[in-house]
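J.: Please find one structure pasted underneath; my questions will follow.
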Amino acid sequence: MSALLIVAWCGTIGLSLVRNLVAEKPPPNPSTPRTWREPSGLPVFPGATGFGTRTVAGRGGKVLWVTTLEDQGPGSLRSVLNSPGPRTIVFRVGGIIELESELQIWEPFVTVAGQTAPGGGICLKHAGLVILTHDVLVQHLRVRPGREGSVKPDTNDALQVLGGNGKPTGAHRVVLDHISASWSEDELSSTWFGAHDITFSHCIFSEALNRSRHSKHTHSAGLLLGNHSYNVTVHHCLLAHIGFRNPLISDGGTHEFSHNVIYNWGEIPAEILDQDSNSFLNFKGNLFKRGPSSRSTPQEIVIHATRGRPRLYLAGNRGLRGGLTAATDWEMASVGWTTNAPGTEYRASTPFPSPSSAEPDPSRFFESVLSCAGATRPARDQVDQRIVAEVRDGRGRIIDHPSEVGGYPRLESGIPYADTDGDGMADSWEKERGLNPSDPNDSSQDSNQDGYTNLEEFLHALTREGVKWP
8 MSALLIVAWC GTIGLSLVRN LVAEKPPPNP STPRTWREPS GLPVFPGATG FGTRTVAGRG
68 GKVLWVTTLE DQGPGSLRSV LNSPGPRTIV FRVGGIIELE SELQIWEPFV TVAGQTAPGG
128 GICLKHAGLV ILTHDVLVQH LRVRPGREGS VKPDTNDALQ VLGGNGKPTG AHRVVLDHIS
188 ASWSEDELSS TWFGAHDITF SHCIFSEALN RSRHSKHTHS AGLLLGNHSY NVTVHHCLLA
248 HIGFRNPLIS DGGTHEFSHN VIYNWGEIPA EILDQDSNSF LNFKGNLFKR GPSSRSTPQE
308 IVIHATRGRP RLYLAGNRGL RGGLTAATDW EMASVGWTTN APGTEYRAST PFPSPSSAEP
368 DPSRFFESVL SCAGATRPAR DQVDQRIVAE VRDGRGRIID HPSEVGGYPR LESGIPYADT
428 DGDGMADSWE KERGLNPSDP NDSSQDSNQD GYTNLEEFLH ALTREGVKWP
């Protein structure tokens, strides 16, 4: 499986580029969890938790504007993504960007601030986003490839985070926050080639296309954390109307999957597959809810192991059979397609070292996930509004084509906030805080000495409920 997927990815992003990016062989996986200590530095934004969230991203760098919805050329998202040096990307236009090929990020130290877009925000169509570098923050972006673009169906993911198999290049310290991903033909999202220290937070993964153009004919696949990826966090996300891989964790290191809502899976809810190495998984506080497309499966968590031996720490999960105690959590798990409970060799009595340790009752965060997940700034689009309503009401189904659910909604272009000096901050916000809207240099300053630049403070304010600067 791994070799075939690597060949497919090479065909997508270019064999020569992949050879430069990754080592010939992946590093050996440890038989015990890697040592992990809380890194120094600020969270990339206040409240950020998870592996890799102490990245600086584009902090203190230049400000680049997206001024057109064209795929290429001056002012395009593609052109500014790979400008060298630390940078923050702000949007002066809202709407759908129809991509001619995958949008790749090769240059490190970048913040993509989708919350700055006016109107209905930004949506990527016809292709997905590929991250191949380090120190990246992407927020409030919609990625909905569909099945009409030029990307090969077998690699048509919404999000790909590709590491370097032990080389210093490749994806690490990457945070994807408040992303809405749907309508992929392969995975909605994948980490591969040893990508590490990655966090997906407050995202919506929905409606992976089932019978599309994929060579496997039916392939509604959600999240794949594999090929020796390690230190990956997925928290406070909604997974809805996805056939399988909710998620699939394969041949990795330590991961945490916590406080997520999984609704209306098809064949398989969560799956752990270790063929050649060991995975160590904190699986905490997740809620599984059946839907119209959900088939009768043995358990919510299915473990497959050949030469590897995964170990899981389960706590506070709720599903069809499980409750909220250590005893009943394991009633949700099986070895293979059976009702056989995992033996003690699979069970961890204490969590593996990771950034998050809380063990909440999933009933307490269910509404929070539905209310806050996905690209909510500047506003939720009709796709996410519908998905959330279906989860609440127990409706919806796995689909084959976006047209079955109304297709792509129109996103208003909107009017961008006034920014006289082009520093990324709204004039009105600067005036409220005693900054100079005619001084482009104050965006990189730290007026309140809390470690975040003034521009970062503005971006944080844009993400808070009810805060807008026209």
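Residue numbers (our numbering): 8 to 477. Ideal placement from N, C-alpha and C gives every residue a C-beta, glycine not left out. Computed from a predicted model, the values in this text were never measured in an experiment.
Using the beta-carbon count (16 or more within 10 Å), is Thr19 buried or exposed?
T.: To locate residue 19, count along the sequence shown from 1; it is residue 12. Because the pLDDT of Thr19 is 43, which lies under 50, any placement of that residue in the model is unreliable, and the question is left without a value.
J.: What does the alpha-carbon distance come out to for the pair Ile406 and Leu216?
T.: Position 399 of the sequence shown, counted from the first residue, corresponds to residue 406. Position 209 of the sequence shown, counted from the first residue, corresponds to residue 216. C-alpha separation (whole angstroms): 6 Å.
J.: Are at least three pairs of beta-carbons, each pair with one atom in the stretch 187-206 and one in the stretch 162-173, less than 8 Å apart?
T.: With the cut-off at 8 Å, the stretch 187-206 and the stretch 162-173 touch.
J.: So, with DSSP's three-state summary, where would you put Glu155?
T.: Numbered from 1 along the sequence shown, position 148 holds the residue referred to as residue 155. Glu155: coil per DSSP, three-state reduction.
J.: Going by alpha carbons, who is nearest to Asn296 out of Val395, Asp426, Asn285 and Leu231?
T.: Translated into positions along the sequence shown, residue 296 becomes position 289. Note that residue 296 is Lys in the sequence shown here, rather than Asn. Comparing Cα positions, the closest option is Val395.
J.: Are the beta-carbon atoms belonging to Thr123 and Leu144 less than 7 Å from one another?
T.: Looking up residue 123 in the sequence shown gives position 116. Looking up residue 144 in the sequence shown gives position 137. In this structure, Leu144 does not lie closer than 7 Å to Thr123 by Cβ.
J.: So what's Leu11 in DSSP terms, helix, strand or just coil?
T.: The residue given as residue 11 occupies position 4 in the sequence shown. Legend: pLDDT at Leu11 = 40, less than 50; position of this residue unreliable, value from coordinates given subsequently. In the structure shown, Leu11 sits in a helix (DSSP, three-state: H, G or I).
J.: Which residue from Leu288, Ile205 and Phe264 puts its Cα closest to that of Asp184?
T.: Sequence index remark: in the sequence shown, residue 184 carries index 177 (1-based). Cα-wise, what sits closest to Asp184 is Ile205.
J.: Does DSSP put Asp400 in a helix, in a strand, or in coil?
T.: Numbered from 1 along the sequence shown, position 393 holds the residue referred to as residue 400. If DSSP states are grouped into helix, strand and coil, Asp400 belongs with the helices.
J.: Locate the alpha helix (DSSP H) running through Arg85, then write down its first and last residues.
T.: As a working mapping, residue 85 is identified with position 78 in the sequence shown. From DSSP, the alpha helix (DSSP H) with Arg85 extends over Leu84 to Leu88.
J.: With C-beta atoms as the reference, is Asn172 less than 7 Å away from Gly201?
T.: Translated into the one-based positions of the sequence shown, residue 172 becomes position 165. Translated into the one-based positions of the sequence shown, residue 201 becomes position 194. Yes.
J.: Excluding five sequence neighbours on each side, which residues of the same chain lie with their C-beta closer than 6 Å to the C-beta of Pro299?
T.: Against the sequence shown, residue 299 aligns to sequence position 292. Excluding sequence neighbours, Pro299 sits near Arg404.
J.: When burial is assigned at 16 or more other CB atoms within 10 Å of the CB, is Trp344 buried or exposed?
T.: Position 337 of the sequence shown, counted from the start, is the residue given in the question as residue 344. Classification for Trp344: exposed.
J.: For Pro444 and Lys438, which I take to be in contact (beta-carbon distance under 8 Å), what is that distance rounded to the nearest angstrom?
T.: On the sequence shown, position 437 is the one that residue 444 refers to. On the sequence shown, position 431 is the one that residue 438 refers to. Indeed, because the Cβ distance is near 6 Å, the residues count as touching under 8 Å.
J.: Excluding the 5 residues flanking Asp434 on each side, which residues of the same chain have their C-beta closer than 7 Å to its C-beta?
T.: As a first step, residue 434 must be located in the sequence shown, where it is residue number 427. Excluding positions up to five away in sequence, the list reads Ala425, Asp426, Thr427 and Pro444.
J.: Would Leu131 and Leu169 qualify as a contact pair, given that the criterion is a beta-carbon distance under 7 Å?
T.: Start at 1 with the first residue of the sequence shown, and residue 131 comes out as number 124. Start at 1 with the first residue of the sequence shown, and residue 169 comes out as number 162. No, Cβ-Cβ distance for Leu131 and Leu169 is not below 7 Å.
J.: Work out the CA separation of Pro81 and Glu464 for me, nearest whole Å.
T.: Taking the sequence shown and counting its residues from 1, the one referred to as residue 464 is at position 457. Taking the sequence shown and counting its residues from 1, the one referred to as residue 81 is at position 74. Going by the C-alpha atoms only, they are around 28 Å apart.
J.: Of the choices Tyr353, Gly458 and Gly421, whose alpha-carbon is the least far from that of Pro385?
T.: Counted from its first residue, the sequence shown places residue 385 at position 378. The candidate whose alpha carbon is nearest that of Pro385 is Gly421.
J.: CB-CB under 6 Å to Arg61, same chain, minus the five flanking residues each way: which ones, in chain order?
T.: Taking the sequence shown and counting its residues from 1, one reaches residue 61 at position 54. Excluding positions up to five away in sequence, the list reads Pro46 and Gly48.
J.: For Lys291, count neighbouring Cβ atoms within 10 angstroms of its own Cβ and tell me buried if that reaches 16, exposed if not.
T.: Here residue 291 corresponds to residue number 284 of the sequence shown, with the count starting at 1. Its Cβ being crowded by 16 or more others within 10 Å, Lys291 is buried.
J.: Going by beta carbon distance, what residues of the same chain come within less than 6 Å of Pro40, once the five residues before and after it are set aside?
T.: Indexing the sequence shown from 1 puts residue 40 at position 33. Excluding residues within five positions, the ones whose Cβ falls inside 6 Å are Thr261, Phe287 and Phe359.
J.: Work out the CA separation of Gly413 and Asp142 for me, nearest whole Å.
T.: Along the sequence shown, one-based indexing puts residue 142 at 135. Along the sequence shown, one-based indexing puts residue 413 at 406. Roughly 36 Å between the two C-alpha positions.
J.: How far does the beta strand (DSSP E) with Ser197 in it reach, from first residue to last?
T.: Counting from one through the sequence shown, the residue named residue 197 turns up at place 190. Here the beta strand (DSSP E) through Ser197 covers Glu194 to Trp199.
J.: Between the stretch 271-283 and the stretch 306-317, do at least 3 Cβ pairs fall closer than 8 Å?
T.: Output reads yes: the stretch 306-317 touches the stretch 271-283.
J.: So is Asp430 buried or exposed if we call it buried at 16+ other beta carbons inside 10 Å?
T.: Looking up residue 430 in the sequence shown gives position 423. Buried.
J.: Can you list, in chain order, the stretches of the alpha helix (DSSP H) that have 4 or more residues and sit fully within the stretch 308-373?
T.: Segments of the alpha helix (DSSP H) lying fully in the stretch 308-373: 333-336.
J.: Indicate the three-state DSSP secondary structure (helix, strand or coil) for Glu45 in the structure shown.
T.: Within the sequence shown, residue 45 is the residue found at index 38, counting from 1. DSSP places Glu45 in coil when its eight states are reduced to three.
J.: Given this structure, state the Cα-to-Cα distance separating His226 from Gly250, to the nearest angstrom.
T.: Translated into positions along the sequence shown, residue 226 becomes position 219. Translated into positions along the sequence shown, residue 250 becomes position 243. Distance between the alpha carbons of His226 and Gly250 is about 7 Å.
J.: Cα separation between Glu155 and Glu411?
T.: For the purposes of this step, residue 155 is taken as residue 148 along the sequence shown, with counting starting at 1. For the purposes of this step, residue 411 is taken as residue 404 along the sequence shown, with counting starting at 1. Approximately 14 Å, taken between the alpha carbons.
J.: Can we say the stretch 88-101 touches the stretch 67-79, given the rule of at least three CB pairs closer than 8 Å?
T.: Touching, per the Cβ criterion.
J.: Please identify the residue among Thr313, Phe373 and Gln306 whose C-alpha is closest to the C-alpha of Ala340.
T.: By one-based count along the sequence shown, residue 340 stands at place 333. Comparing Cα positions, the closest option is Gln306.
J.: Return the CA-CA distance between Pro125 and Leu418, expressed in angstroms with no decimal places.
T.: Counting from 1 along the sequence shown, the entry for residue 125 is found at position 118. Counting from 1 along the sequence shown, the entry for residue 418 is found at position 411. Straight-line Cα distance between these residues: approximately 10 Å.
J.: So for His509, helix, strand or coil by DSSP?
T.: Nothing about residue 509 can be read from this structure; the chain reaches only from 8 to 477.
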